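Enquirer:
Chains as they are written, first to last, in my numbering: chain A, 1 to 107; chain B, 1 to 121.
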């Protein structure tokens, strides 16, 4: 299985601060990488697919980048509604696998 | 509008078989490129992909659970089912069904609300 290692496990950001979350795959995944946001008691919401494509309806302050085994999610200007847990997921090879999650809080 | 909704028993005893149903609308699983997956999440933990079935009826399983899983769909292509045999406490989780965005971008764009399954004697 492809292992997805996310960092950091948690972080706290001030309003308007730029935040980055990293995801490292155990082998190359050819940009088949998605990012999700999950709020308490809710289903995950797709933010980014194909490593850098913004899902419809997602604010433009969210962006994704990376290639090969290293990927990142950036939030340009933290907002209160951005609090939650963020997961990366590889769709390159079965079984699809997720990172352990990054808990983002507003400072 | 694409919607999915899971249903299940809520609680069951160890060693029993768990049966889950995913009812969806807004698309047909007979349409080329459509794939529905089952994903679970124990409370406070990350997500685990379990199984998928595609428009052609092909089935894919997580090897870690493969011997216990069976995914299927109905003939009207509006429901997908998952059976997990010999459940134990470790199978306690919220179970989601989700549809991929497109076959070219394996990401889960549409999710059900999830159904909590508790395994307890």
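Ideal placement from N, C-alpha and C gives every residue a C-beta, glycine not left out.
From a predicted model like this one, the values you see are computed outputs, not experimental measurements.
(1) Spell out a yes or no on whether the segment 59-77 of chain A and the segment 76-88 of chain B are touching, meaning 3 or more CB-CB pairs, one atom from each, closer than 8 angstroms.
(2) State the DSSP-derived secondary structure class of residue 105 of chain A, mapped to helix, strand or coil.
(3) Keeping to the same chain, check which residues put their C-beta closer than 7 angstroms to that of residue 16 of chain B; ignore five residues upstream and five downstream.
(4) Please name the residue in A:48, A:55 and A:57 whose C-alpha comes closest to that of residue 65 of chain A.
(5) Who are residue 108 of chain A's beta bridge partners in DSSP?
(6) Using a Cβ-Cβ cut-off of less than 9 angstroms, give me the residues of the segment 92-104 of chain A that come near chain B, in sequence order.
(7) My parser needs the beta strand (DSSP E) runs of 3 or more residues fully inside the segment 31-95 of chain B; what are they?
(8) Is there a C-beta anywhere in chain B that falls below 9 angstroms from the one on residue 44 of chain A?
(9) By the three-class DSSP mapping on this structure, what secondary structure does residue 6 of chain B have?
(10) Quick check on the burial criterion: 16 or more other C-beta atoms within 10 angstroms. Buried or exposed for residue 71 of chain B?
(11) Would residue 34 of chain A count as contacting chain B if we go by Cβ distances under 9 angstroms?
(12) On a Cα-Cα basis, can you pick out the residue from B:1, B:18, B:29 and B:13 that is closest to residue 115 of chain B?
Expert: For this structure:
(1) no
(2) Counting from 1 along the first chain, the entry for residue 105 of chain A is found at position 105. Note: residue 105 of chain A maps to strand in three-state DSSP.
(3) Counting from one through the second chain, the residue named residue 16 of chain B turns up at place 16. Contacts found: 87.
(4) As a first step, residue 65 of chain A must be located in the first chain, where it is residue number 65. Ranking A:48, A:55 and A:57 by Cα distance to residue 65 of chain A puts A:48 first.
(5) Summary: the structure shown does not reach residue 108 of chain A, with chain A confined to residues 1 through 107, and so no result is reported for it.
(6) Correct list: 92, 94, 95, 96, 97, 98, 99, 100 and 101.
(7) 35-41, 48-54, 59-61, 69-73 and 79-84
(8) As a working mapping, residue 44 of chain A is identified with position 44 in the first chain. For residue 44 of chain A, the answer is yes, since a Cβ of chain B falls inside 9 angstroms of its Cβ.
(9) Numbered from its first residue, the second chain carries residue 6 of chain B at position 6. In this structure, residue 6 of chain B counts as strand in the three-state DSSP scheme.
(10) By 1-based counting over the second chain, the position of residue 71 of chain B is 71. Burial call: buried.
(11) Along the first chain, read from residue 1 onward, the residue named residue 34 of chain A stands at position 34. With 9 angstroms as the cut-off, residue 34 of chain A counts as an interface residue toward chain B.
(12) As a working note, residue 115 of chain B is residue 115 in the second chain. If we check each option's Cα against that of residue 115 of chain B, B:18 comes out closest.
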